[in-house]
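Peer 1: These protein sequence lines are chains U, F, X and S, in that order.
The first sequence: position 226 = 227 (the working numbering), numbered continuously.
The second sequence: position 64 = 65 (the working numbering), numbered continuously.
The third sequence: position 128 = 129 (the working numbering), numbered continuously.
The fourth sequence: position 327 = 328 (the working numbering), numbered continuously.
Number of protein chains: 4
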Amino acid sequence: MKIGLIGTGWIGEEHVKRLSGTVSGAEVAAVSDIDPERAEAVAGAAGARVVDSAEKLIEDAEVEAVVVTSWGPAHAEQVLACIAAGKPVFCEKPLTTEAADGLRILEAEQAHGKRLVQVGFMRRYDAGYRQMKAVLDAGGIGAPLMAHCVHRNPDSPESYHSDKPMVDTAVHEVDALRWLLGEEFATAQVVVPRSTSNRYPHLVDPQILLLETASGARVDVEVFVNCRYGYDIQCEIVGETGTVRLPDPAAPVVRSGGRASFAVVQDFPSRFADAFDVELQEWVDSLHTGEPAGPSAWDGYAATVVTNAAVKARRTGAVVPVDLPERPAFYR
Amino acid sequence: MKIGLIGTGWIGEEHVKRLSGTVSGAEVAAVSDIDPERAEAVAGAAGARVVDSAEKLIEDAEVEAVVVTSWGPAHAEQVLACIAAGKPVFCEKPLTTEAADGLRILEAEQAHGKRLVQVGFMRRYDAGYRQMKAVLDAGGIGAPLMAHCVHRNPDSPESYHSDKPMVDTAVHEVDALRWLLGEEFATAQVVVPRSTSNRYPHLVDPQILLLETASGARVDVEVFVNCRYGYDIQCEIVGETGTVRLPDPAAPVVRSGGRASFAVVQDFPSRFADAFDVELQEWVDSLHTGEPAGPSAWDGYAATVVTNAAVKARRTGAVVPVDLPERPAFYR
Amino acid sequence: MKIGLIGTGWIGEEHVKRLSGTVSGAEVAAVSDIDPERAEAVAGAAGARVVDSAEKLIEDAEVEAVVVTSWGPAHAEQVLACIAAGKPVFCEKPLTTEAADGLRILEAEQAHGKRLVQVGFMRRYDAGYRQMKAVLDAGGIGAPLMAHCVHRNPDSPESYHSDKPMVDTAVHEVDALRWLLGEEFATAQVVVPRSTSNRYPHLVDPQILLLETASGARVDVEVFVNCRYGYDIQCEIVGETGTVRLPDPAAPVVRSGGRASFAVVQDFPSRFADAFDVELQEWVDSLHTGEPAGPSAWDGYAATVVTNAAVKARRTGAVVPVDLPERPAFYR
Amino acid sequence: MKIGLIGTGWIGEEHVKRLSGTVSGAEVAAVSDIDPERAEAVAGAAGARVVDSAEKLIEDAEVEAVVVTSWGPAHAEQVLACIAAGKPVFCEKPLTTEAADGLRILEAEQAHGKRLVQVGFMRRYDAGYRQMKAVLDAGGIGAPLMAHCVHRNPDSPESYHSDKPMVDTAVHEVDALRWLLGEEFATAQVVVPRSTSNRYPHLVDPQILLLETASGARVDVEVFVNCRYGYDIQCEIVGETGTVRLPDPAAPVVRSGGRASFAVVQDFPSRFADAFDVELQEWVDSLHTGEPAGPSAWDGYAATVVTNAAVKARRTGAVVPVDLPERPAFYR
């Protein structure tokens, strides 16, 4: 399967490497980037051509499917162009930065009549999350009532501003919990602790997102992007008869110098390396056999609506309703 | 040291057993209870006399120190009587059910001029909590920003109504976190998930208490008293450079039938058995050597003010301020 | 890279699936098996041709590299034929069942002048083992003195006889520990506990292998192939200043019914699925870029010499020397 | 209960503190030591008299029960004197250094007609070991086949010579496993790894003890007394259907600086503090109510026979039989 990739930044380069070096049944035929040198460098290593715009790449006759890893604001038009071209598209999160753009994608895809879009919520491919979902689906903890989540990064760049903890970071928990709990969120609130001294002064960090689902289950998500000690993802779901907790990644325990310890991973590419592998392999497999089975345009849209509500909640201090239209039958 | 104990209910009987059978340097000289038969049964096993009222027990010439394990509403008058008699008194939590009664105790004790009152917040004597505090005090995680707490019971009796998750249950976290963080709480909010189906219909369960300290640190406490699977206390404190988590009680791991597992304790007397031992031993030791070093009347009062605010917060849905007067120098 | 595979039994079929469906840069061109129907079935799913003998497959012009997954006694001649044909060969363990055959392979490969053979010791590709090795190599526990290993299977088939715990099972620990400790074994002893009642009567199970390295480090390996509860691999290495322990595979912890538990994997394909993926990907990558970097014919030979000594040790009750010639410079 | 204690060295002083400050129902009436100044210091803190010889202490009219914490070679005569005086005696391990002396104690106690002797194997009072025994006794892992034990100290003094790893250190595992498995040992072998460089040159360290029980179960015990990183006791018992493992002591997990870690205890008094408390409390309780229920003179004798066989095994390299007479009915 010949893939074209738009946006050869960090995550784009990772996906090119995966598609050309790890994933079976795919090769990267063409890449494009607003920075042609960057595009050349990434293309060269994978034996791909450089195409000089996203539009041309999407229309390129050799390109059978597209991966969108450009910056967020560009996603909407590129995904819409893929739909217009009738080509499957894997779009990194967020699907769109504006909810209204997400609606346009939903409409275009429904008009096309068949799913073409998959959104890059890689946690659904993580072995730990999948095992948690299996426990939930088997009734292993009864009906879920609460979830406690933690999303910590060791540090954040200066460009990372106070909306991003919701829009860029908590968005992963928003999607993962929608998927795990099997329902939509209804309200959002953000609680703001005293900020850490280890941050750029413009940033409000940490933030705690409080979500309520349609049925009244409650989810809290601590987002702390300057925790210093590592990249740490935790999730405990509490049901009527039990709980299930996402495991730490397996790591050898060393006993030395009076302590027993294991290494905490330091970044999300290490933490979710296997999940990215599985995600792209399953996506490529789906190209051969039918529609994508992964997170849909609806999932991407719903996550954006929730994180936008969260941003408003932090700014206002209020409990903000999540204004989500009814889910179209097409996406059920 | 000859102890008199008022209230030979469940916790009273436990304390009689500890004081007469495990704690060094103490014996139970006298007990009283509103149910004389119950008092006789407990007294007999410990070789103690039965005295026919709390008042007489407090005035009893042989009684050198008093343990109050009567029901909550009776605490205030009994503790005040002990102070009036100049006798040290260990009072089970809550010190008082009404904050106003707590103020009367604070005034009486200050008028007496020397600490006489200790409140039964046993978690301060738990090895795990003490080790957490040592980590915090040594700067092991930097300045604390957040704490995530869980307090679960397998089930609750019919008499347990919807204020109790705050007043009787979360009160332990309120005290433990005041102690761990070294500051008072400023506001309380309660978030209410969909209730479990495994409860008496009159009970709102679970409830999530959200607290803010004077400096802006945030504490959340899940209280879930019908979780079915066990008695489970969790606490993670998040600081500017790291985190520290209360350990599960040590238990052998059994591998059998496809799973590796350990037993979860089923009740608080098992979970905090060692803490109760240490608490009473240290209290008895303090009787020999000077003033009690444990949780003070102020600690008991402050916890009541916070949990009363939490009750109001749940009933109103609002963020409720914790109206605490300035801490008297006497209690610093 | 076009691969030919000999032997479409269970592990052969797994490797065909990996090479055609998960590994990047490879396809299975041809397979052979002594059972033609079995070969057809496996070939069909992968779009490969069936060749009617191992010899023809090795000589097949389209086949660029060979995977040997036939039964053990056939390995030697097939690997020798690959060397004669100058084709890279990945041979499942054991490289040979007889040590003398291993010597013939070593000689043939040296005569060929370049490494062609890789042996399927997949544990060297397991993330946990690799992290342990990184700790060791970084001096994290000082010079190693001891290793304690456990290799448990839930059950064993009737054909599994009393030499197999050493030859088929402990052989993995023999290779892994040679690799981790970086030296050869010098002696072997086998201690035989009372056998479990859950076994075929002809089988001695469990068995404990005691190994001594050239420098005097000691390794013990419990092999218990009817432990009933799961497939469980444990390994703790003890150095002069610390220890390092192989982690259990990450799995969610469920709290329910009074216990906190996680699932123990039930078979080695699940336990080492990721290791198999990495092993074959790295092997295929090496075909493109040069000599195989994985376990060599020497490693395969040395492991066989050790496990043969272990068999003799169990039968005689004696401490048996491991008669290994000096390692040829070619294999250093 | 008025206790006399012989030998106010380190462990003697600990027991005086426990008996006078933590244990209920006991006080230390008298102590003796070959160093009178040392005896004075310890006695003073506990309000006890100093008696100027072990003999006089045993005969002292006020002394109702005796604790023997003198050095090992003195135990036999002191315990025999207690039996002659008809006084209960708690003797620290080893009961005797020579097996023949143990036989004399067994005979004297049987002649006395009632148990008077308890030996200080405190692990039987450790909560973790007790829970393991409960699992075993409930059939939770089926019939035991193997046990893997580890006994590590951070360092050892110069006086600690090469017999001591068996006689002073592994003796705890010998008793604990006799108790857990419910049978005697039949043979002993010692495997000697390359010694650590972190030791006094005269010491062989580590050593691995291999034991076989009467029924053929196998126990291995790594003894490593200069492991540097901490005091670490591990024990896994493997049964026909499962395994059970002694837990690490509960300790908070700190995440900081890229690692998640907990403190390893550094010495046995910390590791077994609770076990010592329970041991002495239960012993004192038994003085009030009847015969001691703890480890008997037979247990002390059997452990000495096993560790003496282990010493011989290390010196000779042979598998040495454990020559234990039949257990007298008196001790069943």
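Ideal Cβ placement from N, Cα and C applies to all residues, glycine included.
Remember, predicted model here, so these are calculated numbers, not experimental data.
Which ranges would you report for the alpha helix (DSSP H) in the stretch 4-29 of chain S if only whole runs of at least 4 residues count?
Peer 2: 11-22
Peer 1: Using the Cβ count rule (16 or more neighbours within 10 Å means buried), how would you classify F/ARG328?
Peer 2: Along the second sequence, read from residue 1 onward, the residue named residue 328 of chain F stands at position 327. Under this definition F/ARG328 is an exposed residue.
Peer 1: Considering only their Cβ atoms, is the gap separating S/CYS236 from S/CYS150 smaller than 9 Å?
Peer 2: Start at 1 with the first residue of the fourth sequence, and residue 150 of chain S comes out as number 149. Start at 1 with the first residue of the fourth sequence, and residue 236 of chain S comes out as number 235. It is a contact, given that the beta carbons lie within the stated cut-off.
Peer 1: Just list the alpha helix (DSSP H) runs in the stretch 87-163 of chain S, keeping only unbroken ones of 4 residues or longer that don't cross its boundaries, in chain order.
Peer 2: If we require 4 residues or more, the alpha helix (DSSP H) runs fully inside the stretch 87-163 of chain S come out as 100-113 and 128-138.
Peer 1: Where does S/ALA319 sit, in a helix, a strand or coil, going by DSSP?
Peer 2: On the fourth sequence, residue 319 of chain S is found 318 positions in, with the first residue counted as 1. Residue state for S/ALA319 is assigned as coil, using DSSP reduced to three classes.
Peer 1: Between which residues of its own chain and F/MET147 is the CB-CB distance below 6 Å, once the five residues before and five after are set aside?
Peer 2: Along the second sequence, read from residue 1 onward, the residue named residue 147 of chain F stands at position 146. Shown here for F/MET147: same chain residues with a beta carbon closer than 6 Å to its own, the five before and five after excluded, namely ARG219 and VAL239 in chain order.
Peer 1: Quick check on this structure: which residue in F/ASP249, F/ARG246, F/TYR230 and F/VAL266 has the alpha carbon closest to the alpha carbon of U/GLU241?
Peer 2: As a working note, residue 241 of chain U is residue 240 in the first sequence. Closest option to U/GLU241, Cα to Cα, is F/TYR230.
Peer 1: Answer with yes or no whether the minimum CB distance from U/VAL24 to chain S is below 9 Å.
Peer 2: Looking up residue 24 of chain U in the first sequence gives position 23. Output row for U/VAL24: interface = no.
Peer 1: Could you tell me whether the stretch 113-133 of chain S touches the stretch 270-279 of chain S, where touching means 3 or more Cβ pairs closer than 8 Å?
Peer 2: Here the stretch 113-133 of chain S makes contact with the stretch 270-279 of chain S; the two share three or more CB pairs at distances below 8 Å.
Peer 1: The stretch 218-252 of chain U: which residues have C-beta closer than 8 Å to a C-beta of chain X, in chain order?
Peer 2: THR242, GLY243, THR244, VAL245, ARG246, LEU247, PRO248, ASP249, PRO250, ALA251 and ALA252
Peer 1: Closer than 9 Å, CB to CB, is F/PRO207 near chain U or not?
Peer 2: In the second sequence, the residue the question calls residue 207 of chain F occupies position 206. For F/PRO207, the answer is yes, since a Cβ of chain U falls inside 9 Å of its Cβ.
Peer 1: Does any CB atom of chain F fall closer than 9 Å to the CB of U/ARG105?
Peer 2: Numbered from 1 along the first sequence, position 104 holds the residue referred to as residue 105 of chain U. Cβ-Cβ to chain F under 9 Å: no for U/ARG105.
Peer 1: Once the 5 residues before and after F/PRO194 are set aside, which same chain residues still bring their CB inside 6 Å of it?
Peer 2: For the purposes of this step, residue 194 of chain F is identified with residue 193 of the second sequence, where counting begins at 1. So the list reads PRO207, once near-sequence residues are dropped.
Peer 1: Is the stretch 244-251 of chain U in contact with the stretch 86-100 of chain U, if contact means three or more CB pairs nearer than 8 Å?
Peer 2: no
Peer 1: Apart from the five residues just before and just after X/PRO250, which ones in its own chain have a Cβ nearer than 7 Å to its Cβ?
Peer 2: Here residue 250 of chain X is taken as the residue at index 249 of the third sequence, counted from 1. VAL266 and ARG272, listed in sequence order.
Peer 1: What are the residues of the stretch 268-279 of chain S that lie near chain F, defined by any Cβ-Cβ distance shorter than 9 Å?
Peer 2: ASP275 and ASP278
Peer 1: Can you tell me whether DSSP reads S/ARG256 as helix, strand or coil?
Peer 2: Locating residue 256 of chain S in the fourth sequence gives position 255, where the first residue counts as 1. It is a strand residue.
Peer 1: Which residue wins for smallest C-alpha separation from F/GLU110, given the options F/GLY87, F/VAL226 and F/PRO202?
Peer 2: Here the question's residue 110 of chain F lines up with position 109 in the second sequence. F/GLU110 has its Cα closest to that of F/GLY87, out of F/GLY87, F/VAL226 and F/PRO202.
Peer 1: Could you tell me which chain S residues have their CB closer than 9 Å to the CB of X/ASN154, listed as they occur along the chain?
Peer 2: Position 153 of the third sequence holds residue 154 of chain X. At a beta-carbon threshold of 9 Å, none of the residues of chain S lie near X/ASN154; the nearest stands roughly 13 Å away.
Peer 1: Report the neighbours of F/GLY259 on chain X: residues whose CB is nearer than 8 Å to its CB, in chain order.
Peer 2: For this step, residue 259 of chain F is matched to residue 258 along the second sequence. Result: TYR230, GLY231, ALA264, VAL265 and GLN267.
Peer 1: Is there a C-beta anywhere in chain F that falls below 9 Å from the one on U/VAL285?
Peer 2: Stepping through the first sequence from its first residue, residue 285 of chain U is reached at position 284. Not closer than 9 Å to any Cβ of chain F, the Cβ of U/VAL285 fails to qualify, so no.
Peer 1: Closest Cβ-Cβ distance between F/ARG256 and chain X: below 9 Å?
Peer 2: Your numbering for residue 256 of chain F matches position 255 in the second sequence. The beta carbon of F/ARG256 sits closer than 9 Å to some beta carbon of chain X.
Peer 1: Taking only runs of the beta strand (DSSP E) that begin and end inside the stretch 219-266 of chain U, which ones reach a length of at least 3 residues, in chain order?
Peer 2: 219-225, 233-240, 243-246, 254-257 and 260-264
Peer 1: Mind pulling the chain X residues with CB within less than 9 Å of U/GLY129?
Peer 2: Translated into the one-based positions of the first sequence, residue 129 of chain U becomes position 128. What U/GLY129 touches in chain X: ALA251, ALA252 and PRO253.
Peer 1: Based on Cα-Cα distance, which residue from F/ALA42, F/ALA62 and F/ALA303 lies nearest to F/TRP11?
Peer 2: For the purposes of this step, residue 11 of chain F is taken as the residue at position 10 of the second sequence. Of F/ALA42, F/ALA62 and F/ALA303, the residue nearest in Cα terms is F/ALA42.
Peer 1: Looking at F/ILE7: is its Cβ nearer than 9 Å to the Cβ of F/ALA66?
Peer 2: Counted from its first residue, the second sequence places residue 7 of chain F at position 6. Counted from its first residue, the second sequence places residue 66 of chain F at position 65. Their beta carbons are not under 9 Å apart, which means F/ILE7 does not touch F/ALA66 by this criterion.
Peer 1: Is the Cβ-Cβ distance between X/PHE263 and F/ARG260 less than 9 Å?
Peer 2: Here the question's residue 263 of chain X lines up with position 262 in the third sequence. Here the question's residue 260 of chain F lines up with position 259 in the second sequence. Yes, Cβ-Cβ distance for X/PHE263 and F/ARG260 is below 9 Å.
Peer 1: Nearest to U/GLU14 by CA position, among U/GLU63, U/ALA47 and U/ALA27, is which residue?
Peer 2: The count along the first sequence starts at 1 and reaches residue 14 of chain U at position 13. The residue with the shortest Cα to Cα distance from U/GLU14 is U/ALA47.
Peer 1: In terms of alpha-carbon separation, which member of X/GLU60, X/ARG315 and X/ILE84 lies closest to X/LEU354?
Peer 2: Residue 354 of chain X lies beyond the range of chain X shown here (2 to 333); nothing can be said about it.
Peer 1: Have a look at X/HIS113 and X/ASP221 and give me their C-alpha separation to the nearest angstrom.
Peer 2: Taking the first residue of the third sequence as 1, we reach residue 113 of chain X at position 112. Taking the first residue of the third sequence as 1, we reach residue 221 of chain X at position 220. Cα to Cα, X/HIS113 sits roughly 37 Å from X/ASP221.
Peer 1: Rounded to the nearest angstrom, what separates X/VAL299 and X/LEU107 at their Cα positions?
Peer 2: The residue you call residue 299 of chain X lines up with position 298 of the third sequence. The residue you call residue 107 of chain X lines up with position 106 of the third sequence. Checking the sequence, you will find Trp at residue 299 of chain X rather than Val. So the alpha carbons of these two residues sit roughly 7 Å apart.
Peer 1: Taking the Cβ atom as the reference point for each residue, do U/ALA62 and U/VAL51 lie within a distance shorter than 9 Å?
Peer 2: Taking the first sequence and counting its residues from 1, the one referred to as residue 62 of chain U is at position 61. Taking the first sequence and counting its residues from 1, the one referred to as residue 51 of chain U is at position 50. Contact flag unset, no.
Peer 1: What does F/LEU211 pair with, by DSSP beta-bridge criteria?
Peer 2: Position 210 of the second sequence, counted from the start, is the residue given in the question as residue 211 of chain F. Partner(s): F/GLN190 and F/ASP221.
Peer 1: With distances taken from CA atoms, which of F/VAL64, F/ASP36, F/VAL68 and F/VAL69 is nearest F/ASP53?
Peer 2: For the purposes of this step, residue 53 of chain F is identified with residue 52 of the second sequence, where counting begins at 1. Of the candidates F/VAL64, F/ASP36, F/VAL68 and F/VAL69, the one whose C-alpha sits nearest the C-alpha of F/ASP53 is F/ASP36.
Peer 1: Starting from the C-beta of S/ARG200, find all residues in its chain whose C-beta is less than 6 Å away, skip the five residues before and the five after it, and write them out in chain order.
Peer 2: Taking the first residue of the fourth sequence as position 1, residue 200 of chain S is located at position 199. Excluding sequence neighbours, S/ARG200 sits near ASP206 and ASN227.
Peer 1: Can you check whether the CB of X/GLU283 is closer than 9 Å to the CB of X/ALA294?
Peer 2: In the third sequence, residue 294 of chain X corresponds to position 293, counting from 1. In the third sequence, residue 283 of chain X corresponds to position 282, counting from 1. Taking 9 Å as the Cβ cut-off, X/ALA294 and X/GLU283 qualify as a contacting pair.
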